[in-house]
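Presented below is the structure to which this report refers.
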Amino acid sequence: MKTCTFINAAVLAVTLSAAIQASAALKTCEDEIKETNTFLSEQGAAPINDVTDLATTLRNIKNFGHLPDRYITTDEAKRLGWSGKETETLWGLKPTNKKWIGGDSYANPALPAKQLWLSADIDVQKGYRSPKRVIYSLSGQQRFITTDKYQHLAELEPCQ
Numbered sequence: 032m033k034t035c036t037f038i039n040a041a042v043l044a045v046t047l048s049a050a051i052q053a054s055a056a057l058k059t060c061e062d063e064i065k066e067t068n069t070f071l072s073e074q075g076a077a078p079i080n081d082v083t084d085l086a087t088t089l090r091n092i093k094n095f096g097h098l099p100d101r102y103i104t105t106d107e108a109k110r111l112g113w114s115g116k117e118t119e120t121l122w123g124l125k126p127t128n129k130k131w132i133g134g135d136s137y138a139n140p141a142l143p144a145k146q147l148w149l150s151a152d153i154d155v156q157k158g159y160r161s162p163k164r165v166i167y168s169l170s171g172q173q174r175f176i177t178t179d180k181y182q183h184l185a186e187l188e189p190c191q
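Following the numbering used here, the numbering of the sequence shown begins with 32 at its first residue and continues without gaps.
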């Protein structure tokens with residue numbers, strides 16, 4: 032019986048060690064976004080302006096399984112009085128002040144179909160939505176960004 036327990040403990044130790052090493056091998060989200068910005072610039076696409084904010088959003092999704100609290104869905108914003116027009120700021124209304132749109136479902140045939148994909152705004156300025164989004168799934172680690180309102184997607188490597 033002790034041999035079996037010893038083997039299980041050894042397997043657990045190896046598994047934990049592998050998980051820690053894999054985690055340590057991941058780039059920081061800031062570094063991954065900066066590398067992606069270089070790629071976007073080489074393609075003639077707009078870069079992500081607020082690297083720190085996107086990194087925080089990516090960590091929140093990875094670590095807690097949801098967007099930061101500042102996000103509300105389009106339906107929630109409309110229930111609170113936002114018209115949904117791109118020319119109207121979300122911050123013009125007290126209930127949606129400092130909120131960003133995120134958590135709406137997103138469909139694209141180029142993405143794996145077996146996952147539910149969601150999108151969230153990034154690089155919001157004064158409550159106006161930009162064409163930049165992060166696309167994510169809660170059932171996996173794949174993340175994509177678009178800086179041209181879904182015309183092109185760039186994959187982000189898993190990060191910490």
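We treat Cβ as the ideally placed atom computed from N, Cα and C, and that holds for glycine.
Bear in mind the structure is a predicted one, so any value in this text is a computation, not a measurement.
Practice task
Report the option in Leu142, Glu188 and Pro99 whose CA atom is closest to the CA atom of Ile153.
Solution key: Relative to the Cα of Ile153, the nearest Cα in the group Leu142, Glu188 and Pro99 belongs to Pro99.
Problem - beta strand (DSSP E) runs contained entirely in the segment 67–151, provided each spans 3 or more residues - result: For the segment 67–151, whole beta strand (DSSP E) runs of length 3 or above, ordered along the chain, are 131–137.
Exercise for the section: Compute the Euclidean distance between the alpha carbons of Tyr137 and Thr88, then round it to the nearest angstrom. Expected result: Between the alpha carbons of Tyr137 and Thr88 lies a gap of roughly 17 Å.
Handout entry: Whether Lys125 touches Ala108 by CB criterion (8 Å)
Key = Contact: no.
Exercise for the section: Kindly indicate which three-state DSSP category Lys263 falls into: helix, strand or coil? Expected result: Not covered by the structure: residue 263. The range shown for the chain is 32 to 191.
Exercise for the section: Taking 8 Å as the cut-off, decide whether the C-beta atoms of Ile176 and Lys163 are in contact. Expected result: One thing to note: Ile176 has its Cβ within 8 Å of the Cβ of Lys163.
Exercise for the section: Whole angstroms is fine: what's the gap from Gly112's alpha carbon to Glu73's? Expected result: A direct Cα-Cα distance of roughly 40 Å separates Gly112 from Glu73.
Exercise for the section: Taking only the alpha-carbon atoms, compute the straight-line gap between Lys65 and Leu57 and give it to the nearest angstrom. Expected result: Their Cα atoms are separated by approximately 14 Å.
Practice task
Along the beta strand (DSSP E) that carries Ile153, what are the first and last residues, could you check?
Solution key: Segment: none, Ile153 is in no beta strand (DSSP E) and carries neither H nor E.
Problem - Neighbourhood of Leu85 by C-beta, 7 Å cutoff - its chain only, sequence neighbours within 5 removed - result: Cβ neighbours of Leu85 beyond the five flanking positions: Ile64, Ile79, Ile153 and Val165.
Exercise for the section: Using the Cα positions of Cys30 and Gln191, report the straight-line distance between them to the nearest angstrom. Expected result: Because the chain spans 32 through 191 in this model, residue 30 falls outside it and cannot be assessed.
Practice task
Can you grab the Cα-Cα spacing for the pair Leu187 / Lys93, in whole Å?
Solution key: Take the alpha-carbon of Leu187 and the one of Lys93: they are about 13 Å apart.
Exercise for the section: Compare the Cα-Cα distances from Ile117 to each of Thr127, Arg101 and Ser161 and report the closest residue. Expected result: At residue 117 the sequence reads Glu, which differs from the Ile that was named. Measuring C-alpha to C-alpha distances from Glu117 to each of Thr127, Arg101 and Ser161 identifies Ser161 as the nearest.
Practice task
Report buried or exposed for Tyr167, applying the criterion of at least 16 other Cβ atoms within 10 angstroms of its Cβ.
Solution key: Burial call: buried.
Handout entry: Sequence-distant residues of the same chain with beta carbon closer than 7 Å to Val155, five excluded per side
Key = Answer for Val155: Trp131 and Ser161, listed in chain order.
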